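**Q**
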Amino acid sequence: MQKSAVIVRSTSTPAPPSVLAEIEIPALDYDLEATLMSGQAFGWRKGDRGWEGVIGDRWVRLNPAPGRIRACALGPQSDWRWLTHYLQTDVRLADILKTFPKDPAMQESVRECAGLRLLRQDPWEALASFILSSTKQIAQIQQICALLRDRFGAATACGEAGATGRAFPAADRIAKLSERELRDCKMGFRAPNLLGAARAVSDGKLSLEGLRERTVDEAREALLGLRGVGPKIANCVLLFAYGFPTAFPIDVWVRRALHELYFPKRRPTDARIDAFARTYFGPNAGYAQQYLFHSIRRREGRIR
Numbered sequence: 011m012q013k014s015a016v017i018v019r020s021t022s023t024p025a026p027p028s029v030l031a032e033i034e035i036p037a038l039d040y041d042l043e044a045t046l047m048s049g050q051a052f053g054w055r056k057g058d059r060g061w062e063g064v065i066g067d068r069w070v071r072l073n074p075a076p077g078r079i080r081a082c083a084l085g086p087q088s089d090w091r092w093l094t095h096y097l098q099t100d101v102r103l104a105d106i107l108k109t110f111p112k113d114p115a116m117q118e119s120v121r122e123c124a125g126l127r128l129l130r131q132d133p134w135e136a137l138a139s140f141i142l143s144s145t146k147q148i149a150q151i152q153q154i155c156a157l158l159r160d161r162f163g164a165a166t167a168c169g170e171a172g173a174t175g176r177a178f179p180a181a182d183r184i185a186k187l188s189e190r191e192l193r194d195c196k197m198g199f200r201a202p203n204l205l206g207a208a209r210a211v212s213d214g215k216l217s218l219e220g221l222r223e224r225t226v227d228e229a230r231e232a233l234l235g236l237r238g239v240g241p242k243i244a245n246c247v248l249l250f251a252y253g254f255p256t257a258f259p260i261d262v263w264v265r266r267a268l269h270e271l272y273f274p275k276r277r278p279t280d281a282r283i284d285a286f287a288r289t290y291f292g293p294n295a296g297y298a299q300q301y302l303f304h305s306i307r308r309r310e311g312r313i314r
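Oh and the sequence shown: position 97 is 107 in our numbering, straight run, nothing missing.
1) Under 7 Å Cβ to Cβ from methionine 197, same chain only, skipping five residues before and after it: list those, please.
2) How big is the Cα-Cα spacing for leucine 46 and alanine 83?
3) Buried or exposed: which applies to glutamine 152, given that a residue is buried once 16 or more other Cβ atoms fall within 10 Å of its Cβ?
4) Please classify glycine 163: is it buried, with 16 or more other beta-carbons within 10 angstroms of its beta-carbon, or exposed?
5) Contact defined as beta carbons within less than 8 Å: I believe threonine 99 pairs with alanine 37. What is the distance between those atoms, to the nearest angstrom?
6) How is arginine 309 classed by DSSP in three states: helix, strand or coil?
7) With H, G and I counted as helix, E and B as strand and the rest as coil, what does DSSP make of valine 64?
8) Whose C-alpha, out of Thr225, Ala180, Glu189 and Arg127, is nearest the C-alpha of aspartate 213?
9) Tell me whether phenylalanine 178 is buried or exposed, calling it buried when 16 or more other Cβ atoms sit within 10 Å of its Cβ.
10) Can you find the residues in the same chain that come closer than 7 Å, C-beta to C-beta, to tryptophan 263, ignoring five residues on each side of it along the sequence?
11) In terms of residues, what are the limits of the alpha helix (DSSP H) holding leucine 157?
12) Nearest-angstrom Cα distance between leucine 192 and leucine 158?
13) Cβ of arginine 209 within 7 Å of Cβ of serine 144?
14) Use the C-beta contact count for serine 62: other C-beta atoms within 10 angstroms, 16 or more gives buried, fewer gives exposed.
15) Could you check whether tryptophan 90 and isoleucine 33 sit closer than 7 Å to each other, using their CB atoms as the reference points?
16) Around the Cβ of leucine 234, are there at least 16 other Cβ atoms within 10 angstroms (buried) or fewer (exposed)?
17) Evaluate glutamine 299 with the Cβ neighbour count: other Cβ atoms within 10 Å of its Cβ, from every protein chain shown; 16 or more gives buried, anything less gives exposed.
18) Please return the same chain residues whose Cβ sits closer than 8 Å to the Cβ of valine 120, not counting the five positions on each side in sequence.
19) Expressed to the nearest angstrom, what Euclidean distance is found between the alpha-carbon atoms of glycine 220 and glutamate 228?
20) Hey, aspartate 132 and glycine 66 are a contact pair by Cβ (cut 8 Å); roughly how many whole angstroms apart?
21) Can you tell me where the beta strand (DSSP E) with arginine 78 in it begins and where it stops?
22) Measure the alpha-carbon distance for alanine 285 versus threonine 174 and round it to whole angstroms.
23) Report the residue from Val29, Ala156 and Pro76 whose alpha carbon sits nearest the alpha carbon of valine 64.
24) Reducing DSSP to helix, strand and coil, say where proline 202 ends up.
25) Enumerate in chain order the residues of its own chain whose CB-to-CB distance from arginine 222 is below 7 Å, with the five nearest sequence positions on each side excluded.
26) If you draw a straight line from the C-alpha of aspartate 280 to the C-alpha of leucine 268, how long is it?
27) So if DSSP puts proline 74 in a beta bridge, which residue, or which two residues, is it bridged to?
28) Can you tell me whether valine 29 is buried or exposed? The criterion is at least 16 other CB atoms within 10 Å of its CB, across all chains shown.
29) Please give the ranges of any alpha helix (DSSP H) in the stretch 181-231, keeping only runs that are unbroken, at least 4 residues long and fully inside the region.
30) Do you know offhand how far alanine 3's Cα is from glutamate 189's?
31) Check for me: the alpha helix (DSSP H) holding alanine 285 runs from which residue to which?
32) I need the DSSP call for isoleucine 33, collapsed to helix, strand or coil.
33) For arginine 266, which of helix, strand or coil comes out of DSSP?
Have a look at this one:
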């Protein structure tokens, strides 16, 4: 693990006065933009002054710099572990990459996506976001999540005087909404799925914290018990929220990449693809999946 020695300072902004805490986090081999825009999280926006988002109930602005990430949040901040944990800056990427298959296709994906990382997100936000992702493109998921935040999320102060952001609405909050209110956020048929998941979490029928103590297979089975949650959504949650390294989400992009790179002469069944992914990509298969996903989207012009 890398040591997260940091440089912290505080500055003041014009009236009404607010204190901004700043930090420089060591982050070797870390492509911030690729990481934030690789389909893991949907609440980040790039503005004139950097990447802005809300982690939990904390607004933060991020900017990349050589070998580090500059972050700004409302201060004072004596403990930045909420941010370094989310960004996973302590993970030694080189050790992860060593476990990837050495075939030319995988290594080309690594070169194309150098510095791509996995985030460690809040389980509820990840579950809700990926329930909303069904048959949607990333830009559409971002739009739905933004509407949810704006209409039902708790207000949180931002860096600029008088500005506010919105936290992702908690399961308890969504559980009290009507299906119509959710459909008004442009989520369509996903509304009852999200509502059902929120009520299961709110009522204690599904303990998201309890999944941390389960095996990956047990946690997956628990998530699959929710309406609207299939293997892809469950594996996204297991990978991006809980850090289960072997969770391997297979969506249309990853399936296409596997077809083109590893099965060019035949079209395998989904079961064959799943079995191949679980055995071929090693102990950090989920990380490898993210490189395949991001690289094929880049090659096909979906991202710059």
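Positions of the beta carbon are idealized from the N, C-alpha and C atoms, including for glycine.
These numbers were taken from a predicted model, which means no experiment stands behind them.
**A** The structure says:
1) Position 187 of the sequence shown, counted from the first residue, corresponds to residue 197. Non-local C-beta neighbours of methionine 197 in its own chain, meaning closer than 7 Å and more than five positions away in sequence, comprise Leu142, Ile154 and Leu204, ordered along the chain.
2) For this step, residue 46 is matched to residue 36 along the sequence shown. For this step, residue 83 is matched to residue 73 along the sequence shown. Near 17 Å, if we compare the C-alpha coordinates of alanine 83 and leucine 46.
3) For this step, residue 152 is matched to residue 142 along the sequence shown. Under this definition glutamine 152 is a buried residue.
4) Along the sequence shown, one-based indexing puts residue 163 at 153. Label assigned to glycine 163: buried.
5) Numbered from its first residue, the sequence shown carries residue 99 at position 89. Numbered from its first residue, the sequence shown carries residue 37 at position 27. Right, their Cβ atoms sit about 5 Å apart.
6) Here residue 309 corresponds to residue number 299 of the sequence shown, with the count starting at 1. Reduced to three states, the DSSP call for arginine 309 is helix.
7) If you number the sequence shown from 1, residue 64 lands on position 54. If DSSP states are grouped into helix, strand and coil, valine 64 belongs with the strands.
8) As a working note, residue 213 is residue 203 in the sequence shown. Relative to the Cα of aspartate 213, the nearest Cα in the group Thr225, Ala180, Glu189 and Arg127 belongs to Ala180.
9) If you number the sequence shown from 1, residue 178 lands on position 168. Label assigned to phenylalanine 178: buried.
10) Within the sequence shown, residue 263 is the residue found at index 253, counting from 1. A distance below 7 Å between beta-carbons, with the five flanking residues on each side excluded, links tryptophan 263 to the following residues of its chain, in chain order: Phe303, Ile306 and Arg307.
11) By 1-based counting over the sequence shown, the position of residue 157 is 147. For leucine 157, the uninterrupted alpha helix (DSSP H) run begins and ends at 148-162, by DSSP.
12) Along the sequence shown, one-based indexing puts residue 192 at 182. Along the sequence shown, one-based indexing puts residue 158 at 148. When rounded, the distance between both Cα atoms is 8 Å.
13) Counting from 1 along the sequence shown, the entry for residue 209 is found at position 199. Counting from 1 along the sequence shown, the entry for residue 144 is found at position 134. Remark: C-beta atoms of arginine 209 and serine 144 do not approach each other more closely than 7 Å.
14) One-based indexing of the sequence shown puts residue 62 at position 52. Note on residue identity: the sequence assigns glutamate, not serine, to residue 62. Classification of glutamate 62: buried, given that the 10 Å Cβ count is 16 or more.
15) Position 23 of the sequence shown, counted from the start, is the residue given in the question as residue 33. Position 80 of the sequence shown, counted from the start, is the residue given in the question as residue 90. Contact: yes.
16) Numbered from its first residue, the sequence shown carries residue 234 at position 224. Exposed, since its Cβ has fewer than 16 Cβ neighbours within 10 Å.
17) Taking the sequence shown and counting its residues from 1, one reaches residue 299 at position 289. With 16 or more Cβ atoms within 10 Å of its Cβ, glutamine 299 is classed as buried.
18) Here residue 120 refers to the residue found at position 110 of the sequence shown. If the five residues before and after valine 120 are omitted, its C-beta is found closer than 8 Å to the C-beta atoms of Leu107, Phe110 and Tyr301, all from its own chain and listed in chain order.
19) Taking the first residue of the sequence shown as 1, we reach residue 220 at position 210. Taking the first residue of the sequence shown as 1, we reach residue 228 at position 218. Each residue's Cα considered, the two are about 11 Å apart.
20) Counted from its first residue, the sequence shown places residue 132 at position 122. Counted from its first residue, the sequence shown places residue 66 at position 56. That pair is a contact at about 6 Å.
21) Taking the first residue of the sequence shown as position 1, residue 78 is located at position 68. Annotation: the continuous beta strand (DSSP E) that includes arginine 78 extends over 78-84.
22) Within the sequence shown, numbered from 1, the residue matching residue 285 stands at position 275. Within the sequence shown, numbered from 1, the residue matching residue 174 stands at position 164. Whole-angstrom Cα-Cα distance: 46 Å.
23) Here residue 64 refers to the residue found at position 54 of the sequence shown. It is Ala156 whose Cα lies nearest to the Cα of valine 64.
24) As a first step, residue 202 must be located in the sequence shown, where it is residue number 192. Per DSSP, reduced to three states, the secondary structure at proline 202 is helical.
25) Position 212 of the sequence shown, counted from the first residue, corresponds to residue 222. Same-chain partners within the cutoff: Tyr252.
26) The count along the sequence shown starts at 1 and reaches residue 280 at position 270. The count along the sequence shown starts at 1 and reaches residue 268 at position 258. It is roughly 11 Å from the alpha-carbon of aspartate 280 to the alpha-carbon of leucine 268.
27) Taking the sequence shown and counting its residues from 1, the one referred to as residue 74 is at position 64. In the DSSP secondary-structure assignment, proline 74 is bridged to Ile79.
28) For this step, residue 29 is matched to residue 19 along the sequence shown. With a threshold of 16 other beta carbon atoms within 10 Å, valine 29 falls short and is exposed.
29) The stretch 181-231 contains these whole alpha helix (DSSP H) runs: 181-185, 189-193 and 200-212.
30) With the chain running from 11 to 314 in the structure shown, residue 3 is simply not present.
31) Residue 285 sits at position 275 when you count from the first residue of the sequence shown. Segment 280-290, the alpha helix (DSSP H) holding alanine 285.
32) On the sequence shown, position 23 is the one that residue 33 refers to. Three-state DSSP puts isoleucine 33 in a strand.
33) Numbered from its first residue, the sequence shown carries residue 266 at position 256. Looking at arginine 266 - three-state DSSP - the assignment turns out to be helix.
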